[in-house]
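The next block holds one structure in the form of structure tokens; read it before the comments.
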Amino acid sequence: MSHKEKIINVFRKGYEPTGFGPKEKLNSIFNNTFKPLVNKKDLNIFLELCESSEPLLRAWGFLGLSHIIKDKSIYEEEKKLRFQKIIANILTDKSRIEYYGGSSEIQTTLREHHVKRVCEFDPVLTFEPVYRHVQAHTGKTDDVIVDLLENVLSKVSDPRIEPLILNHANNIDKTNFGFKLSIINAFENLSKKDQIKDKKAISDLFRNYLRELNEDTPKIESLEESKKIELSNKKKSLHESLLKVAAVLNLDFEKETLEFLDSLNSPYEELYKIAEQYKDNERFKSILLDKLENSNNPQFIKDILMCIMILHEKTGNWKQLIIENVNKYQIIDNDLIEEMQKFNVFDETMLIKFLNEGEKWQLDFIREFLLNNPEILEMWVEFQNQFIKILTSFQSNDESINNDPNFYEKKELALKLLIDLERKDLVKYCIDNFKNLDDDHLRKLSLFIIIKLGTNEILLELKQYLETNKESAEFFKKFWRSLENRDMQFYY
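By this note's numbering, the letter at position 100 of the sequence shown is numbered 84, and the numbering carries on one by one without gaps.
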């Protein structure tokens, strides 16, 4: 028996797509037979398995291709054509396979199991067989077709795609909100690649979806409570996405959008995309400002503030509004902070104020900002001076420090930022922090920075100090042992 035949016989024993299932024998096949072939990038054997008459081998074969082909790296035209034929075959393959997902057994078809992997290939490789499959199944829209429309075809610039999405969009059951959401997402994807042509047909489709959304769902009262909640969430998601994409496509949905905004009282992260289309609409702005005044949900407030920055040319005192609400609701959100910087909402003075006051949320705000803008610590000289002052101050020698209730929180921020930003030029201050601080956690942070980022000169200085201070030497030994018992990178 050849080596290849032995491999094939191993694959016949069962299928495990992750190597983490409850069956050790199947995990062993994944880890000891499948992974070595993947690591060797042995494309030929997986191509052969895909062309087998046995569903189990075809399952392993396509799984292998999905691990190996991560880009457009099939250079030989013959292999490319062979691969595209395999794609076409897998999309029509209704052979059933069984495998474990977690602790439960899953039974499915090969086309349903592998469609996600088809979507992960570069569309340059998969477009033609996928297009032919979806086009041939107009009127037979199922979860595989919808997945291909959303995640493959709509991401390619081709004039055939828009009418194809429309054809399938009109064949979806009115209560299948998941399929409808995928169709809407497909139109949004397509708008990033092509100019939308038939806006009237898409508008009619969207209005029909809205109308069906507002109709009573049959037998909803007979559903379990969890199913009712799930259905409600799907309808909410569809409603939000539909109006967002209508705005992105510049469709005339002003009346519906204003009604939606007027009834909105919970967070909607992508509200700013709608605001971009309605930034000159006074009614839209008025509703937003009313929501800002009457809501007390910090996440919803954040979404509104993102919109106000888009509407800033039409909004008086917009910077003050944003700063007041960030302070009032103690909002720490990376996207909001980035937009605030882009629109010059805050400056060095505001960050120095946050640093001096030192409330936990203010320090977290500073850290979030500096993690994404590390160069600011060099550019803002006065802020850097205040930062270094925190590193070099200790309670015993400064009355103002003694009376600062947030001294330890500020010190922790400064030390953590040295690690986050890998500021080797400031590690020299950590020796004095280790010597003078009375907080074990902060002393350990100081030591960790010295060990991780310190130069030979600083390490020598630490060694000399430990030789003269028995208590600190014992503290260091215990800390060092704790680092040895775990991977150092996971200490912090």
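Here a beta-carbon is modelled for each residue, glycine too, at the ideal position from N, C-alpha and C.
Taken through DSSP and simplified to helix, strand or coil, residue 267 comes out as helix. The alpha-carbon of residue 430 is positioned some 10 Å away from that of residue 375.
Nearest to residue 232 by C-alpha distance, out of 359, 186, 211 and 272, is 186. The count of Cβ pairs closer than 8 Å, one atom from the stretch 159 to 172 and one from the stretch 132 to 147, reaches three, so the stretches are in contact. Under DSSP, residue 261 takes part in no beta bridge, so it has no partner. Residue state for residue 116 is assigned as helix, using DSSP reduced to three classes. Restricting attention to alpha helix (DSSP H) runs no shorter than 4 residues, the stretch 382 to 438 encloses them at 383 to 386, 391 to 405, 414 to 420 and 424 to 437, ordered along the chain. DSSP lists 85 as the bridge partner or partners of residue 88. Listed in chain order, the non-local C-beta contacts of residue 90 below 8 Å within the same chain comprise 82, 83 and 84, local neighbours out to five positions each way being set aside. In the three-state DSSP reduction, residue 376 falls in the helix class (H, G or I). When DSSP states are grouped into helix, strand and coil, residue 333 belongs to the helix group.
Under the three-state reduction of DSSP output, residue 2 falls in the coil class, being neither helix nor strand. For residue 290, the enclosing alpha helix (DSSP H) starts and ends at 282 to 294.
In the structure shown, the three-state DSSP call for residue 80 is strand.
Counting along the chain, residue 140 sits inside no alpha helix (DSSP H), nor does DSSP assign it H or E at all.
Rounded to the nearest whole angstrom, the CA to CA distance from residue 234 to residue 180 is 10 Å. DSSP places residue 299 in the coil class of the three-state scheme, outside both helix and strand.
From the listed residues 124, 93, 117 and 71, the smallest Cα separation to residue 109 is found for 71.
The C-beta separation of residue 350 from residue 397 comes to about 7 Å, placing the pair in contact by the 8 Å criterion.
Approximately 7 Å separates the beta-carbon atoms of residue 241 and residue 262; this is inside 8 Å, confirming the contact. Straight through space, the alpha carbons of residue 271 and residue 278 are spaced by roughly 11 Å.
Assignment of residue 93 by DSSP, reduced to helix, strand and coil, places it in the strand class.
CA-CA distance, residue 196 to residue 253, rounds to 24 Å.
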